[in-house]
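Those sequence lines, one after another, are chains E and L.
So for the first sequence, the working numbering puts the first residue at 1; every next one is plus one.
So for the second sequence, the working numbering puts the first residue at 1; every next one is plus one.
There are 2 protein chains.
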Amino acid sequence: MVASSETIRLEVPNGSKAVLLKNLYLSIDPYLRMRMNREENYFPSFQPEQVIEGDGVSIVLDSGHPNFKAGDYVRGFVGWEEYSLLTNTFHTDMLSKIKYTDVPLSYYTGLLGMPGMTAYAGFHEICSPKKGEYVYVSAASGAVGQLVGQYAKLMGCYVVGSAGSNEKVHLLKTKFGLDAAFNYKEEPDLTAALKRYFPEGIDIYFENVGGEMLDAVLPNMRMNGRVAVCGMISQYNLQKPQGVHNLPCLITKCIRMQGFLVFQHRHLHEEFIETTRRYFKEGKIAYVEDVVEGLHNAPAALIGLFSGRNVGKQVVMVAHE
Amino acid sequence: MVASSETIRLEVPNGSKAVLLKNLYLSIDPYLRMRMNREENYFPSFQPEQVIEGDGVSIVLDSGHPNFKAGDYVRGFVGWEEYSLLTNTFHTDMLSKIKYTDVPLSYYTGLLGMPGMTAYAGFHEICSPKKGEYVYVSAASGAVGQLVGQYAKLMGCYVVGSAGSNEKVHLLKTKFGLDAAFNYKEEPDLTAALKRYFPEGIDIYFENVGGEMLDAVLPNMRMNGRVAVCGMISQYNLQKPQGVHNLPCLITKCIRMQGFLVFQHRHLHEEFIETTRRYFKEGKIAYVEDVVEGLHNAPAALIGLFSGRNVGKQVVMVAHE
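As structure tokens, this is what we get:
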């Protein structure tokens, strides 16, 4: 890693529509790993020596843009740096003012941010859930998983989550109120474990993991089951993703397996914020984040995601509010 | 294989609702292989020494059932035998009278039978096709594939099919009118081949094959692509299905991959028959079948499917009409 520094003037160029931000929180998300591959996906790959960018929460220091003024709290796509000067319309279009400041600002990287919206859209739009259905969530204490499990409970589903430590499993059963939870690292046979937790089978699998986990889930799915493919964190560091063998189950069980990206569901954003904030305020949704302090800790925080070192949503605090 | 014979009276038991059939054509379908596995799927497994059953076209010899009378041509679920006595309601419920006899009766095992219906429902309901989209069909000269390709052309899609011999590829390009076709056995790199045939990517993949073919398709899919998983014939004879590696593409391309079974789409049956018969009569749809004569050839015909020996829909003629 090459650390670099530069000197910037803390004001926007005269006459421009740029926005100058002081970054407060950075969202550390698994998908950032994909931007480190040479093959481009939906986003361009990061280039060596380019500042990494991702979701963040910031305060506006100066603005030439009509939608923003100094002192506004905003969330958007920012650099992993102390100050970001957003000069192009892609970045200023992605920026949005934070409406409610009666929750911790860092929550806009999770509960009320991109991961929360991913959970909301993924569960409600992709999973086609019905009351009473059997729902399984992997990486269930992660940024997205913890919210999916709770949305599913609020809909009246039976929800089981898995995670990679007993501490996380405890959180799932207590704080997040799931019906059951297990530590997948302690299960020598994942297929058998799922059979134990779902003797009637799984209607909905919210996929955050991929690989062997998916292979164990498929034979446990019920007829007309749905798999919302949100992420496959177990695969991102592999040269070649693992092979998944049980895909013929898709036919015999009429399973729909659907990948999705949160930015295709913007029409739900307002509803997501209002609903989720209300649930949180009413104590119906709990939220756990794992905040580390200091920009210099961001790379280790990202790497830590892939061994499950974080407990809850991983955030880096760049500066005190 | 144990051949067995028994003597039956060619009339239904007095007072029963049974139907006695003389079988004319048997439909030889890949899914029958799955019923030879110990694990049950949507249908019970075949038991050793049990008569194999599958779709067939028959003439009613005698009937105690109010819906059928001697002389009716019917299609339904029959035994691989010369005469079938259907005594339980499962079998008589599955039986239906053939309305139009102005097409060859054998077509009710294909064009106007279960495979045709599978193609019709699979393409129109599962693929969500739009005019101008890029469609790829594997096993494209098979019973289902040949119809999917033609339905897609009729909708105004750009359609490429693959098959396992140059004779079949020729059929695809001429008789079935696809935009392009290739022999997958002559392609050392399937991913590259698909890239060549679909420089803009694939919107819809109609999956009949599975395994390596699916792995080659996924990186070639476009955003919001759909994979209708109808069959995975390359996998049915394996002890363990091959691993498919490129599933992370589901996320980055927002792909929907959906398995289906034809019997969940019965509401479309009337529309399917009317539409398909009209297309055929008007010369807008062509149909190729591969008929072998004699019940004793049925096992070899089924085995032949898995090496692609058949050209078009495989049928066994049990008796002359």
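The beta carbon of each residue, even a glycine, is placed where N, CA and C say it ideally should be.
For clarity, every value in this text was computed on a predicted model and none was experimentally measured.
Using a Cβ-Cβ cut-off of 8 Å, residue 210 (chain E) is close to 247 and 248 of chain L, given in chain order.
Taking residue 173 (chain E) as the centre and dropping the five residues before and after it, the same chain places the C-beta of 181 closer than 6 Å to its C-beta, in chain order.
In the pairwise beta carbon analysis, the region 60–74 of chain E is classified as touching the region 11–24 of chain E: at least three pairs are separated by under 8 Å. Nearest in C-alpha terms to residue 74 (chain E), of all of E:112, E:189 and E:126, is E:112. Membership of residue 150 (chain E) in the alpha helix (DSSP H) is indicated by the continuous run 145–154. For residue 312 (chain E), same chain residues with a beta-carbon under 7 Å away, outside a window of 5 residues either side, are 141, 146, 288, 289 and 290 in chain order. Taking a cut-off of 8 Å on C-beta distances, the region 123–133 of chain L does not touch the region 75–95 of chain L, as fewer than three cross pairs fall below it.
Fewer than three beta-carbon pairs drawn from the region 267–280 of chain L and the region 268–275 of chain E are found closer than 8 Å, and the two stretches are therefore not classed as touching.
At a cut-off of 8 Å between beta carbons, residue 54 (chain L) makes no contact with chain E. Of the other Cβ atoms in all chains shown, 16 or more fall within 10 Å of the Cβ of residue 143 (chain L); this residue is therefore buried. Non-local C-beta neighbours of residue 85 (chain L) in its own chain, meaning closer than 8 Å and more than five positions away in sequence, comprise 8, 12, 18, 19, 20 and 21, ordered along the chain. The contact set of residue 220 (chain E) on chain L, defined by CB atoms closer than 7 Å, is empty, because the minimum CB distance reaches about 13 Å. Within its own chain, the residues whose Cβ lies closer than 8 Å to the Cβ of residue 82 (chain L), once the five positions on either side in sequence are excluded, are 22, 23, 295, 318 and 319, listed in chain order. Fully contained in the region 161–235 of chain E are the following beta strand (DSSP E) runs of length 3 or more, in chain order: 180–183, 202–207 and 221–229.
Shown here for residue 256 (chain E): same chain residues with a beta carbon closer than 6 Å to its own, the five before and five after excluded, namely 226 in chain order.
If you draw a straight line from the Cα of residue 107 (chain E) to the Cα of residue 68 (chain E), it is about 21 Å long. DSSP places residue 99 (chain L) in the coil class of the three-state scheme, outside both helix and strand. Following the DSSP letters along the chain, one finds residue 34 (chain E) in no beta strand (DSSP E), marked with neither H nor E. Under the three-state reduction of DSSP, residue 281 (chain E) is assigned to helix. Within the model, the alpha-carbon separation for residue 104 (chain L) versus residue 266 (chain E) is close to 53 Å. Under the rule that a run must span 3 or more residues, the beta strand (DSSP E) segments found entirely inside the region 19–94 of chain E read 19–27, 53–63, 73–79 and 83–86. For the C-beta of residue 201 (chain E), not a single chain L residue is nearer than 8 Å; the gap to the nearest is close to 13 Å. Secondary structure at residue 264 (chain E): helix, using DSSP grouped into helix, strand and coil. Put simply, the backbone Cα of residue 303 (chain E) is about 32 Å away from that of residue 195 (chain E). DSSP places residue 158 (chain L) in the strand class (E or B) of the three-state scheme.
The DSSP-derived three-state label of residue 142 (chain L) is coil.
Beta-bridge partners of residue 259 (chain E) (DSSP): E:229.
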